[in-house]
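Same order as they appear, the protein sequences are chains U and X. Letter 13 of the first sequence, counting from 1, is numbered 13 in our numbering, and no numbers are missing. Letter 342 of the second sequence, counting from 1, is numbered 645 in our numbering, and no numbers are missing.
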Amino acid sequence: MSNKQFDYLNQLEYESIHIIRETAGQFERPALLFSGGKDSIVLVNLALKAFRPGKLPFPLVHIDTGHNFSEAIVYRDELAKRIDETLIVRYVEDTMKRKKIAEPKGKNASRNALQTFTLLETIEEFEFDACIGGARRDEEKARAKERIFSIRDEFGQWNPKLQRPELWDVYNGRISKGENVRVFPISNWTELDVWNYIKRENILLPSIYFSHTRKCILREGKQLMAVSDFIEPYEGDVLLEKNVRFRTVGDMTCTAPVESAATNIDEIILDIKQAKISERGATRIDDRISETGMEDRKKGGYF
Amino acid sequence: MELLRIITAGSVDDGKSTLIGRLLYDSKAISLDILEAIERSSKNKENGAIDLALLTDGLRAEREQGITIDVAYKYFTTENRKFIIADTPGHIQYTRNMFTGASNANLAVILVDARNGILEQTNRHSLISSLLGIPYLVVCINKIDMVNYAQDVFDKLVDEYKIFAKKLSVKEIVFIPVSAKFGDNIVEKSKSTNWYTGPTLLNYLEKVKVVENEADANHGRFVIQNVIRPQTPELPDYRGYAGKVISGVYKKGDTVTIYPSGIDTRIKSIEQFEKEIDIAVSPMPVIFHLEDEIDISRGDYIVKQNNGAIITKSPEAIICWMDENVLTVGAKLLLQHHSSISKVIVKEILYTINVNTFEKNDDDKAAKLNTICRIALKSANLLVIDDYKNNRSNGRFILIDENTNNTVAAGIFSVI
Numbered sequence: 001m002s003n004k005q006f007d008y009l010n011q012l013e014y015e016s017i018h019i020i021r022e023t024a025g026q027f028e029r030p031a032l033l034f035s036g037g038k039d040s041i042v043l044v045n046l047a048l049k050a051f052r053p054g055k056l057p058f059p060l061v062h063i064d065t066g067h068n069f070s071e072a073i074v075y076r077d078e079l080a081k082r083i084d085e086t087l088i089v090r091y092v093e094d095t096m097k098r099k100k101i102a103e104p105k106g107k108n109a110s111r112n113a114l115q116t117f118t119l120l121e122t123i124e125e126f127e128f129d130a131c132i133g134g135a136r137r138d139e140e141k142a143r144a145k146e147r148i149f150s151i152r153d154e155f156g157q158w159n160p161k162l163q164r165p166e167l168w169d170v171y172n173g174r175i176s177k178g179e180n181v182r183v184f185p186i187s188n189w190t191e192l193d194v195w196n197y198i199k200r201e202n203i204l205l206p207s208i209y210f211s212h213t214r215k216c217i218l219r220e221g222k223q224l225m226a227v228s229d230f231i232e233p234y235e236g237d238v239l240l241e242k243n244v245r246f247r248t249v250g251d252m253t254c255t256a257p258v259e260s261a262a263t264n265i266d267e268i269i270l271d272i273k274q275a276k277i278s279e280r281g282a283t284r285i286d287d288r289i290s291e292t293g294m295e296d297r298k299k300g301g302y303f
Numbered sequence: 304m305e306l307l308r309i310i311t312a313g314s315v316d317d318g319k320s321t322l323i324g325r326l327l328y329d330s331k332a333i334s335l336d337i338l339e340a341i342e343r344s345s346k347n348k349e350n351g352a353i354d355l356a357l358l359t360d361g362l363r364a365e366r367e368q369g370i371t372i373d374v375a376y377k378y379f380t381t382e383n384r385k386f387i388i389a390d391t392p393g394h395i396q397y398t399r400n401m402f403t404g405a406s407n408a409n410l411a412v413i414l415v416d417a418r419n420g421i422l423e424q425t426n427r428h429s430l431i432s433s434l435l436g437i438p439y440l441v442v443c444i445n446k447i448d449m450v451n452y453a454q455d456v457f458d459k460l461v462d463e464y465k466i467f468a469k470k471l472s473v474k475e476i477v478f479i480p481v482s483a484k485f486g487d488n489i490v491e492k493s494k495s496t497n498w499y500t501g502p503t504l505l506n507y508l509e510k511v512k513v514v515e516n517e518a519d520a521n522h523g524r525f526v527i528q529n530v531i532r533p534q535t536p537e538l539p540d541y542r543g544y545a546g547k548v549i550s551g552v553y554k555k556g557d558t559v560t561i562y563p564s565g566i567d568t569r570i571k572s573i574e575q576f577e578k579e580i581d582i583a584v585s586p587m588p589v590i591f592h593l594e595d596e597i598d599i600s601r602g603d604y605i606v607k608q609n610n611g612a613i614i615t616k617s618p619e620a621i622i623c624w625m626d627e628n629v630l631t632v633g634a635k636l637l638l639q640h641h642s643s644i645s646k647v648i649v650k651e652i653l654y655t656i657n658v659n660t661f662e663k664n665d666d667d668k669a670a671k672l673n674t675i676c677r678i679a680l681k682s683a684n685l686l687v688i689d690d691y692k693n694n695r696s697n698g699r700f701i702l703i704d705e706n707t708n709n710t711v712a713a714g715i716f717s718v719i
């Protein structure tokens, strides 16, 4: 019985719950960063499993760029209400006003990078010492190197060359004042694992994850983008109507839809199994800046 | 579907990252866009063919220097297994990274360059794997193409390794001739090594029995992570102890002892995800409810009785020292054992271990960065531990420097 082999999804779930409970146990003021995307929705689900029938020992925090999909925002507010937990929202727009930062302009302009400012301000405002996030190691090569408890200095910066050794399931979250820790409980999950879990747990998702008809722009003959108030049309853009769904949900400016007819989770899982392009490769315009785009952003305090 | 955690280790330039790249590539776990990015990078490096190592060397410094610095995690799935690969650097200066990657592994893939033979590093990686209780070793004799797929080269290396392997305590060792660069015997059987009748690397990874923890079912170990007290009108008196079953099995009604207080009580009920369950098995996260009202908190142990747990304030352990500052006798550190933290003093460094031969050295007691040594500790709190050899889950800990907050050592409890 002691050698019982649990299904891999159970093993991943158990590992994540253990990490979330360690975070609550080791830190005074943790927070769960919630974006409305599927990964953070799974995180909330895991956190509830870790602490119910108690309340969550941390608030949900959303850094709102103002460029979110409305479906994700509606979902966010409904979820907080349904589970009766605290939701803190801070707006990139406010940071921009305070710091007199101009709206990023030009083709593929995005507020994505500005989120870092607001996140760091929010961490200071509430004195959060740990932020739980839904990043996964399979997403991106810099993330593949990051610890589950990732220590950030007073400026929120990640130093990939000076990471603490992280052994077994023993997590060292001790920090000095001013530092904070980013905790990634689903580090070892892949995109497919997340979808299989969503299916198993019957987790409700925002509608944009499923196929729908949407007005899109085809840019430079290859990049599909959703039409929104936040995207400036550019010379050569072609306007189309497509059946699409989103594989990741970030800002409307830097998250691209994929063509898909998948209207339910089974079809999405099949879609992903057959996909030839990686999750972020298909959808994240912000990653394509350079080979080390994510590493550089993380060093600057990004998630 | 089962989950298997693997570590890969090898010397610099053994082609370890290439081997993982090949596994991912041939098992179709690489997406087109990532392959294209690698093709672009490969061209930048002007070495012609696709450099599969770029799949795992994710940091800028690693790409620039063409070496692996830190542990990288990679994932792939076949029909019946999910694999987590920890790719670790081979150089002696990164022994602590190898330790990190190996800590969670159930299988080690150790690479040997067919031209260079068994090196000191091969021995070191094998010995660390054995020390950490990894049950399976797969020795891949790589770059077999560079020695014209010669069977006698392979056989000679196997014989040589087997002599050395007598020092190891592992369940099984297999040898596979491979070429990571060309894919021989990685996923597909090679046509160039007809003399080899064993499995390909992937075949083996798919069929090897997964062993999580062989601890006895009676070895119930549990540390409280959080005390759950909703204090709501509906649940005014609810008090549950959340944690994961570290090893063994707990049943409703079991008699347990709480440490460090030493108070006996019984498991009144076990709860998982708001449902009552009768039995909790490692590594399940659960909430325990106890028969008696006792004042206990995070870090306290709830242990099943009469089952061999070692209750001590003076444990001995083998550690891998991971800090730039040397370890000195008399040093005061924190010992973190699961969610339990205790102050400790290093009473004695008994001996250091030569990581290449595993010989004990009583004369050299200087524990520098990457040194593996045996130490005696004195702790402020009672610890409930097991010898790592008997119980991998409850026999491990880390040491933390209170001034820098750094993890300065990985340790395994060892009772002679």
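Virtual Cβ for every residue (Gly too), placed ideally from N, Cα, C. Quick caveat, the model's predicted, so the values are computed rather than measured.
query                                                                                                                                                                                                        : result
Could you tell me which of U:249, U:219, U:185 sits nearest to residue 46 of chain U, measuring between CA atoms?                                                                                            : U:185
Using a Cβ cut-off of 8 Å, which residues of the region 598 to 609 of chain X contact any Cβ in chain B, in chain order?                                                                                     : Annotation note: the requested chain B is absent from the structure, which comprises protein chains U and X.
Hey, is residue 167 of chain U's beta-carbon within less than 8 Å of any beta-carbon in chain X?                                                                                                             : yes
Counting C-beta neighbours from all protein chains within 10 Å, is the total for residue 349 of chain X 16 or more, i.e. buried, or is it exposed?                                                           : Bear in mind that a pLDDT of 46 at residue 349 of chain X, under 50, signals an unreliable position, so the number given afterwards is only what the model happens to contain. By the 10 Å Cβ count, residue 349 of chain X comes out exposed.
State the Cα-Cα distance for the pair residue 174 of chain U and residue 708 of chain X, rounded to the nearest angstrom.                                                                                    : 6 Å
Where residue 130 of chain U and residue 151 of chain U are concerned, what is the direct C-alpha to C-alpha distance, given to the nearest angstrom?                                                        : 9 Å
Can you confirm whether the region 38 to 52 of chain U touches the region 11 to 23 of chain U when touching is taken to mean that 3 or more C-beta pairs between the two stretches lie within less than 8 Å? : yes
Looking at the structure shown, is residue 457 of chain X part of a helix, part of a strand, or coil, going by DSSP?                                                                                         : helix
Taking 8 Å as the CB-CB cut-off, is residue 190 of chain U touching chain X?                                                                                                                                 : yes
Is there contact between the region 26 to 43 of chain U and the region 158 to 170 of chain U, where contact requires at least three CB pairs shorter than 8 Å?                                               : no
Looking only at its own chain, which residues have a Cβ that is under 6 Å from the Cβ of residue 351 of chain X, when we skip the five neighbours before and after it?                                       : With a pLDDT of 46 at residue 351 of chain X, under the threshold of 50, the predicted position of this residue should be treated as unreliable, though the coordinate-derived value follows. Around residue 351 of chain X: no qualifying Cβ.
Rounded to a whole number of angstroms, what is the C-alpha to C-alpha distance between residue 319 of chain X and residue 414 of chain X?                                                                   : 7 Å
Looking only at DSSP bridge pairs, what is residue 144 of chain U linked to?                                                                                                                                 : According to DSSP, which records beta bridges pairwise, residue 144 of chain U is partnered with nothing at all.
Measuring CA to CA, which of X:717, X:643, X:657, X:652 is closest to residue 703 of chain X?                                                                                                                : X:643
Between the alpha carbons of residue 536 of chain X and residue 84 of chain U, how many angstroms are there, rounded?                                                                                        : 15 Å
Residues in its own chain within less than 6 Å of residue 541 of chain X by CB, not counting five upstream and five downstream?                                                                              : 533
Does the distance from the C-beta atom of residue 653 of chain X to that of residue 620 of chain X stay below 8 Å?                                                                                           : no
Of all Cβ atoms in chain U, is any one closer than 8 Å to the Cβ of residue 545 of chain X?                                                                                                                  : yes
Got a sec: is the Cβ-Cβ distance from residue 642 of chain X to anything in chain U below 8 Å?                                                                                                               : yes
Taking the straight line between their C-alpha atoms, what separation do you get for residue 683 of chain X and residue 546 of chain X?                                                                      : 23 Å
Determine which residues of the region 153 to 177 of chain U have a Cβ less than 8 Å from any Cβ of chain X, and write them out in chain order.                                                              : 160, 161, 163, 164, 165, 166, 167, 168, 169, 170, 172, 174, 175, 176
Tell me whether the region 574 to 585 of chain X and the region 548 to 556 of chain X touch, counting them as touching only if at least three CB pairs, one residue from each stretch, are closer than 8 Å.  : yes
Please report the straight-line C-alpha distance between residue 571 of chain X and residue 428 of chain X, rounded to a whole angstrom.                                                                     : 46 Å
Output the boundary residues of the alpha helix (DSSP H) element that contains residue 18 of chain U.                                                                                                        : 8 to 26
Grouping DSSP H, G and I as helix and E and B as strand, with all else coil, what is residue 182 of chain U?                                                                                                 : strand
Who pairs with residue 487 of chain X in a beta bridge, going by DSSP?                                                                                                                                       : X:482, X:491
Among the residues of its own chain, which have a CB less than 6 Å from the CB of residue 57 of chain U, if the five just before and after it don't count?                                                   : 24
Can you tell me the Cα-Cα spacing of residue 200 of chain U and residue 270 of chain U, whole angstroms?                                                                                                     : 15 Å
Nearest by alpha-carbon distance to residue 651 of chain X: which of X:630, X:383, X:328 is it?                                                                                                              : X:630
May I ask you to report which of helix, strand or coil DSSP gives residue 642 of chain X?                                                                                                                    : coil
Roughly how many whole angstroms lie between the Cα atoms of residue 377 of chain X and residue 388 of chain X?                                                                                              : 5 Å
Counting only C-beta atoms, is residue 22 of chain U closer than 8 Å to chain X at any point?                                                                                                                : yes
Looking at residue 473 of chain X and residue 440 of chain X, is the spacing between their C-beta atoms short of 8 Å?                                                                                        : yes
For residue 398 of chain X, which residues in the same chain have their Cβ closer than 6 Å to its Cβ, ignoring the five residues on either side in sequence?                                                 : 673
For the beta strand (DSSP E) holding residue 194 of chain U, just list the boundary residues, first then last.                                                                                               : First-last for residue 194 of chain U: 191 to 201, but that is the alpha helix (DSSP H), not the beta strand (DSSP E).
Could you round the C-beta distance between residue 114 of chain U and residue 101 of chain U to whole angstroms and report it? I think they count as a contact, below 8 Å.                                  : 7 Å
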